[in-house]
Each structure stands twice: as structure tokens, then as C-alpha cells.
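Chains A and B, in that order, give the protein sequences.
Taking this note's numbering, the leading residue of the first sequence gets 1, the next gets one more, and so forth.
Taking this note's numbering, the leading residue of the second sequence gets 268, the next gets one more, and so forth.
Yeah, the Cβ is synthetic: ideal placement off N, Cα and C, and Gly gets one too.
What follows is one structure encoded as C-alpha cells, with my remarks underneath.
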Amino acid sequence: MNMYDTERTEAALDVKNLKISATGVNVHYGQNHALKDVSVQIQDNTVTAFIGPSGCGKSTFLRCLNRMNDTIDICRVDGEILLDGRDIYDKGVDPVQLRARVGMVFQKPNPFPKSIYENVAYGPKIHGLTRSKSEMDQVVERSLRKAALWNEVKDRLQEPGTALSGGQQQRLCIARAIATSPEVLLMDEPCSALDPIATAQVEELIDELRSSFSVVIVTHSMQQAARVSQKTAFFHLGSLVEYGDTSTIFTNPTDPRTESYITGRIG
Amino acid sequence: MTLFAFLLLFAGAIFAYTLNLRAAQSIRNGGGNLHSLTSFHGMYAFLLVLIPAFVFLLVWLSFQGTVINALVQRSLPADVTAGLESGPLQLIMAEIASIAGGRMFGTPDEWKLAAADRLVNLRVTSQWLMVAFLLAIIAGCIYVARKRVSATFRARQGAESIVHALMVFCSVVAVFVTIGIVASLVFETFRFFQMVPWYEFVFGTVWEPQIPIREDQIAAEGAFGLIPVFLGTLVITVIAMIIAIPVGLGSAIFLNEFASPRFRSIVKPVLEVLAGVPTVVYGFFAVLTIAPALRVFGETWGLPIAPNTALAAGIVMGFMLVPFISSFADDALSAVPRSLRDGALALGATRGETMMNVLFPAAIPGIVGGVLLAVSRAIGETMIVVMAAGLIAKMTINPLDSVTTVTVQIVTLLIGDTSFDSPKTLSAFALGMVLFLVTLVINIFAIRIVRKYREIYD
Ligand SMILES: Nc1ncnc2c1ncn2[C@@H]1O[C@H](COP(=O)(O)OP(=O)(O)OP(=O)(O)O)[C@@H](O)[C@H]1O
Ligand SMILES: [Mg+2]
Numbered sequence: 001m002n003m004y005d006t007e008r009t010e011a012a013l014d015v016k017n018l019k020i021s022a023t024g025v026n027v028h029y030g031q032n033h034a035l036k037d038v039s040v041q042i043q044d045n046t047v048t049a050f051i052g053p054s055g056c057g058k059s060t061f062l063r064c065l066n067r068m069n070d071t072i073d074i075c076r077v078d079g080e081i082l083l084d085g086r087d088i089y090d091k092g093v094d095p096v097q098l099r100a101r102v103g104m105v106f107q108k109p110n111p112f113p114k115s116i117y118e119n120v121a122y123g124p125k126i127h128g129l130t131r132s133k134s135e136m137d138q139v140v141e142r143s144l145r146k147a148a149l150w151n152e153v154k155d156r157l158q159e160p161g162t163a164l165s166g167g168q169q170q171r172l173c174i175a176r177a178i179a180t181s182p183e184v185l186l187m188d189e190p191c192s193a194l195d196p197i198a199t200a201q202v203e204e205l206i207d208e209l210r211s212s213f214s215v216v217i218v219t220h221s222m223q224q225a226a227r228v229s230q231k232t233a234f235f236h237l238g239s240l241v242e243y244g245d246t247s248t249i250f251t252n253p254t255d256p257r258t259e260s261y262i263t264g265r266i267g
Numbered sequence: 268m269t270l271f272a273f274l275l276l277f278a279g280a281i282f283a284y285t286l287n288l289r290a291a292q293s294i295r296n297g298g299g300n301l302h303s304l305t306s307f308h309g310m311y312a313f314l315l316v317l318i319p320a321f322v323f324l325l326v327w328l329s330f331q332g333t334v335i336n337a338l339v340q341r342s343l344p345a346d347v348t349a350g351l352e353s354g355p356l357q358l359i360m361a362e363i364a365s366i367a368g369g370r371m372f373g374t375p376d377e378w379k380l381a382a383a384d385r386l387v388n389l390r391v392t393s394q395w396l397m398v399a400f401l402l403a404i405i406a407g408c409i410y411v412a413r414k415r416v417s418a419t420f421r422a423r424q425g426a427e428s429i430v431h432a433l434m435v436f437c438s439v440v441a442v443f444v445t446i447g448i449v450a451s452l453v454f455e456t457f458r459f460f461q462m463v464p465w466y467e468f469v470f471g472t473v474w475e476p477q478i479p480i481r482e483d484q485i486a487a488e489g490a491f492g493l494i495p496v497f498l499g500t501l502v503i504t505v506i507a508m509i510i511a512i513p514v515g516l517g518s519a520i521f522l523n524e525f526a527s528p529r530f531r532s533i534v535k536p537v538l539e540v541l542a543g544v545p546t547v548v549y550g551f552f553a554v555l556t557i558a559p560a561l562r563v564f565g566e567t568w569g570l571p572i573a574p575n576t577a578l579a580a581g582i583v584m585g586f587m588l589v590p591f592i593s594s595f596a597d598d599a600l601s602a603v604p605r606s607l608r609d610g611a612l613a614l615g616a617t618r619g620e621t622m623m624n625v626l627f628p629a630a631i632p633g634i635v636g637g638v639l640l641a642v643s644r645a646i647g648e649t650m651i652v653v654m655a656a657g658l659i660a661k662m663t664i665n666p667l668d669s670v671t672t673v674t675v676q677i678v679t680l681l682i683g684d685t686s687f688d689s690p691k692t693l694s695a696f697a698l699g700m701v702l703f704l705v706t707l708v709i710n711i712f713a714i715r716i717v718r719k720y721r722e723i724y725d
């Protein structure tokens, strides 16, 4: 057992803990006001789903949470986002360190043009999380198992990650993201390139990951949001319209816009 | 007269155009239902006249000189030409031609004057014949085109297929020119190898292409060993790449990932200017700036430095290749999908780590392709080395020594009075052949690598 696991167990005991707290977040892309005064509280060991029509700012908000928006020149973020009570946009915070704690899986699978093993080992390697080759092997195997990919690739770990099928690549990217043992995992439409079987596997995985991480998932599938998440946030035209327990949002939404989106009238 | 022929040609084509246009219009006005627009009928006639007549003119103009010369030469008195080789015969023909042009030196022989007369006459006849044939061809084509005009004639497709054939011809021309160049190279090289055995050329370690001009002259027999010359090319190429690869890659990486947009917008155009500098100017730079600087440097450290060093030429050639490699590497890096970069950054990699571990490896095939193309440019580069490298071939890899290169030797072998049947001159073709083969192999490799890499991300 290494030290992350003990940390995890402690964190797991502390259920319903507040993980991320965003208040009054505004994002501008140049003149485009993409996100308007969004405030959300994201809890630990919970799957939170972001839904909403295309272009409403779901991805933008997700990228605020690990400061990936910093890499876009014209993007400006205002407001306060606290991770475990600390402002992540504070001057003293190193975005590189932050991204090691807040992992991300993208809509399109983006494995590096390296071997499967190296893809998964890359994060732990640059952060110096392992001390020996055997420890690294363990981390790689554990991550691939969690991502439901181990059985398919265990005999060909040295083959390039780009040679896998689209669905396998996406699970490889998930394995790569969880190998660094993040505290929060952000997933931007992780299933949009997957077939129903792989989607079911990933959904199962997300449910499992909940025990160790706080998961935030963007999805266009209402069914998926209803299946995997405990909390749901509905975005519309850059604003957060409604946020609450998934069961409430889907059965008893308070805002008429939420209702019409869920029933398929806008979006 | 030639100008007149070309005017005639265009006039004929335009006449054919209007003729067919009118004919088609009158069919339409008479209630006929034309398949093609009237302008297509005109276009069809235009092309049908223009192309055959144009081809005829080109053929005539390119062959009339040879034919006339042959005729004149055959009519020379047999006692003068008997036993003459092609060289003196050519001199005689040149003299006749200049007499025909009105330039006489001294009092030429009777028979030369007569031949000059014949030459002038033949030329005039040829011109008239050309115009006559041209007229006949134009008239024939106009007739054929005009007869085709009818309501059902598909002039639209007809004109299109003529243009189509024309384009096929253009691409075939490019291929044939290539084949022709290679063939002439191969042919002359073959002649060279009949005089100097190929193994002496390929494995020889002495390069002294001087051949005694007079029988009794004391001079080297002439040695044609490729190795010292090629070694010079290699030394300079290696020096150039030692400079160009790090500087080029470094600037590409910096510009691509780390530079602010403002800095990039200034430096990129500067690099492009550097790429546009003529190689002669680089040559000046090597001779006037780098070489003296090296000499001063050498004197202060007590190093023996030759006036024309491989180092000076190599350094300047390296700088010439910097923008080349830099822009290739920049393109290769930009072609790496943004998602890979985001993936690495999202794992908590710094920008430097992202560049070194992800972007650069992903771009390596493209970069290697660019570097190989740069190598083949360095090997074939002529002007800088002609100005800055030496002339004497030495078996050395000392960059402070004077070396010569394949291209320099080709230039010096072909400069001045040359006759194309001595091994000295022909050896230039063998050297050219070596250059051609080496760069061909490198380019094939480079293009393959670049292609393979494109397949991954497109
Ligand atoms: N890199 C960018 N540069 C400029 N504008 C951007 C950029 N990314 C997003 N935007 C703008 O921000 C707004 C929100 O985009 P965002 O990608 O967050 O939408 P989304 O909700 O994720 O949509 P989708 O469901 O289609 O992924 C859009 O108007 C978009 O044009
Ligand atoms: Mg999105």
C-alpha cells in the first residue's frame, strides 16, 4: 500500500465533504462573454453532471476548474474558485501542480504517440510519484484495471497507444488521467466517441471512481446524466440555470427552461 | 519573318473563331437547336487551328538551322572536307556563317564565299517555305473546323478534350525534360568511364584533373579519385548541419511554443528574409567576414588556419539552412494536434515537458524529413563554396584546412575553354551524377518520412 491509498481512505470516510466551490465565475473570450456569473458547489465522492445545449459554456466552465483556460490567450476568467478552501486562481498557486490534482479527460481520445505503458506512466513519471520500476508497473496496472482496459492490453503494453480502437483509446486516456491519483476528475463528453458497450463500461467505471474521486462529467445524453450522476447542473446561454440533486432536476425541475431542455424542446 | 509567321498564326486562329461563331449563329437564327453555345463552336475552331499550326512552327524553327547547315556542309568541295574531323569542320561552318552575316576577316577563299551565298539563299527559301506550309495548314484546319459546324456537333466537349490533351502534353513535357536531363548525365558519365575506369573514380584518393595539353608537357597524368572531393563536401555539410540543426530547431521550438505573439510576428518575417537572401550574398559574407574573423582567431591562439577554410564555408552554409530547418520544424510542430498538447498540460506537465515529451517526439518524423532535405541542399549548394572553399582536393577532415567540394570542382572543370571529349571535362558529369544520386536517395528518404508522418494525423 502506498501513501495515496491511505489518503484516499481518509477522504472516503469524509463523505459529503465540499470539494470545489465556485462563486461568481465570469469568462470572456475576447469580447465574447461566454460564462455569466456561475456559482456551483461540487462535493467530494460525487458525480456531478453538466448538461445544456451546445455552446452554453459547459466545457468552458470545466476548463476553469483545472485552469486549462490559461492556455488560451484570449480567455479571461474572473470570480472565485476554491478547491479544498483555497483559491485556485491565487497568485501562489502553480497551475501545473493544480492540474496534477484535478485530472481531465477530453471529448476526443488523445493518446500520446507513445506505447500504452508510457501513456499511462507519463503522469506519475513527471510528478515523481513512484520510486521504482515495479512500483510504476503496479500503478500502470491498477490504472488500466480501473479503466476496464487491462484485460485487452495486458499482453501488448509496448504497442503504440494510437494503434488502439477509438473506445480503447478513450479508456486509455481515462487510465492516464487516474494514474496521477487526482482528487477531482473532469470528463468532457467522454463517451461521445464510444459505442454502447464501451459507454456502459465507462459509466460503470465512473460510478466506481466516485469512491475515490470527485467526478465532474459533461454530457449531451440525458439518460447518461440520469444514470451516473448524483448532482446535475443545467447551463443555458452561459448561465447556470438550475443546480441540484439529479433526481430532482429530472423529475421536478423548478425552472421552465430546464424542463423544456430535458423534455427535448430546446437545445 | 518569324514574327510575321506568328502573327499569321494568331490571325488565322481568330479568323477561324469568328467564322465558326458566325456559322453557328446563323444555324441558330435559322431556327436550329444547337447542342453547344456558339462561343464553344468558335473556341473549338480557334484551338483546332492554333495548336497544329503552332506545333508546326516550333518544329520548323528548331530544325531548320540543322537542316540548312547539313545541306551547306554537303555542298562544300570534297577536297576541302576530306579527312577533316568534326572540330575543324565546325570552325569552317562557323566562318561561313559569319561571312553570310556580313562579317569578313581578310579575304576568304572562293569556295567559302560560295558556301556563304548558298547559306543565305537557303535561309530565305526556308522562311518562305515555312510561311507557305503554315498558310496551308491554317487553311486546312479552318476548312475542317468549318465543316464540323452543325446543330448536333458537340463543340463544348470537343474544345474541352483539346484543352485536356494540351494539359496532358504539359505534364508529359515536364517528365520528358527530367528524363532528358538524367539521360544526358548518364550518357556523358558513361563516356567518362570509358576513359577512366569506374573503380579508379569511386575508390581513388587523388583528385588532379589536370591533363597535359601538349605531348611534351611535364604534368601529372591526371587522377580522378572521387574520395577527397566528396570528403570535402561531407566536411562542409557536417559543419553546416552542426550549426543549422540546433539553431533551426531551437528557434522553431521557441517560436512555436514559448514566444509571445508579438515576438513571433517580428522574428518569423526576419527568418523568411534570411531564407530569401541569394546564396552569392552568403558567399560574400563567408569570404569577407567569417574567414578573416577565423584567421584572426586562429592567429591569437596560434592555430594554423588556411585562408579558405571548410569551417568558414560550413558556418555560413549552416546559417543559410537555419530558416529552412526552422520553418520545416515549425510546420511539423504546428501540425501536432492541439488535443495532444492539451492532454499533456492537463496531466500537469509544464510547457517545457509538454514540448520535449509529447510535441517534439510527435513531430520528429516531419523534422527529420526537413533535416534530410536540408542536407541534400547543403550537398548541392554551389555558390557559397565556390566563393569560400578552396580548389585543391585534400584527403582531410580538418575543418581548419582548405577543402574543395563536388560542386566547386564541377564549376572549375567547366569554366573557360573546354572541349567535351577530354576526361577532364567529362569528369564533371561523373561528379554531377554522384551529386544527383546522393541527393536523390536523400530526397526519397525525406519524402517518404514526411508522407508517413502525414498519414498519422490527417
Ligand atoms: N477557444 C475558444 N476561443 C474563443 N471562443 C471560445 C473558445 N472555446 C469556446 N468558446 C466560446 O465559448 C462559448 C462556450 O463554448 P463551450 O465550448 O464552453 O460550449 P459547450 O457548452 O462545451 O458546447 P458543446 O456542448 O458543443 O461542447 C461558445 O460561444 C464558444 O464560441
Ligand atoms: Mg464542449
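Start-to-end residues for the alpha helix (DSSP H) that takes in residue i
i	result
Asn-151 of chain A	150-153
Asp-137 of chain A	133-146
Asn-388 of chain B	377-415
His-431 of chain B	422-462
Pro-344 of chain B	That residue, Pro-344 of chain B, is in no alpha helix (DSSP H); it is neither H nor E in DSSP.
Asp-609 of chain B	605-613
Ile-281 of chain B	269-296
Ala-175 of chain A	166-179
Asp-94 of chain A	Taken as a continuous stretch (DSSP letters only), Asp-94 of chain A belongs to no alpha helix (DSSP H), as it is neither H nor E.
Val-625 of chain B	No alpha helix (DSSP H) holds Val-625 of chain B; DSSP gives it neither H nor E.
Check: residue i C-beta below 8 angstroms from any heavy atom of ligand 2
i	result
Val-102 of chain A	no
Val-27 of chain A	no
Candidates the options, of which the one nearest residue i by Cα
i	options	result
Lys-36 of chain A	A:Arg-176, A:Val-218, A:Ala-22 and A:Leu-185	A:Ala-22
Asp-188 of chain A	A:Pro-196, A:Glu-135 and A:Ala-177	A:Ala-177
Asn-459 of chain B	B:Thr-692, B:Arg-715, B:Arg-605 and B:Ile-409	Per the sequence presented here, residue 459 of chain B reads as Phe, with Asn not at that position. Comparing Cα positions, the closest option is B:Thr-692.
Arg-421 of chain B	B:Val-398, B:Leu-301 and B:Leu-270	B:Leu-301
Ala-695 of chain B	B:Phe-468, B:Tyr-410, B:Gly-447 and B:Ala-278	B:Phe-468
Leu-452 of chain B	B:Lys-719, B:Ile-716, B:Leu-702 and B:Phe-712	B:Leu-702
Ile-197 of chain A	A:Ser-181, A:Gly-167, A:Val-27 and A:Thr-219	A:Gly-167
Pro-95 of chain A	B:Ala-602, B:Thr-617 and B:Met-700	B:Thr-617
Val-717 of chain B	B:Val-678, B:Ala-553, B:Ile-659 and B:Asp-598	B:Asp-598
Leu-578 of chain B	B:Val-439, B:Val-589 and B:Ala-560	B:Ala-560
Lys-535 of chain B	B:Ser-689, B:Ala-596 and B:Phe-321	B:Ala-596
Phe-470 of chain B	B:Gly-657, B:Val-496 and B:Phe-457	B:Val-496
Gly-581 of chain B	B:Ser-601, B:Val-554 and B:Leu-570	B:Val-554
Asn-222 of chain B	B:Ile-682, B:Leu-640, B:Ile-509 and B:Glu-620	The requested residue 222 of chain B is not part of the displayed model; chain B covers only 268 to 725.
Ala-526 of chain B	B:Ala-558, B:Asn-287 and B:Gly-619	B:Gly-619
Beta-ladder partner(s) of residue i, from DSSP
i	result
Phe-491 of chain B	B:Trp-474
Glu-352 of chain B	Answer is none; Glu-352 of chain B lacks a bridge partner.
Asp-87 of chain A	A:Leu-82
Ser-115 of chain A	A:Pro-160
Asp-188 of chain A	A:Val-218
Thr-48 of chain A	A:Val-216 and A:Lys-231
Asp-245 of chain A	A:Lys-231
Met-371 of chain B	Its beta-bridge partners do not exist; DSSP assigns none.
beta-carbon residue i near ligand 1 non-hydrogen atom, thresh 8 angstroms
i	result
Ile-262 of chain A	no
His-431 of chain B	no
Gly-55 of chain A	yes
Asn-32 of chain A	yes
Cys-75 of chain A	yes
Phe-234 of chain A	no
Phe-307 of chain B	no
Phe-619 of chain B	One point to set straight first is that residue 619 of chain B is Gly, not Phe, in the sequence displayed. No; taking the cut-off as 8 angstroms, the Cβ of Gly-619 of chain B has no heavy atom of ligand 1 nearer than that.
Gly-657 of chain B	no
Ile-81 of chain A	no
Gly-610 of chain B	no
Unbroken beta strand (DSSP E) run spanning residue i, endpoints
i	result
Leu-35 of chain A	32-43
Gly-24 of chain A	18-29
Thr-232 of chain A	231-236
Met-104 of chain A	102-105
* To do: Kindly provide the chain-ordered list of residues whose Cβ lies closer than 7 angstroms to any non-hydrogen atom of ligand 2.
  => That gives A:Lys-58, A:Ser-59, A:Gln-107, A:Asp-188, A:Glu-189 and A:Val-218.
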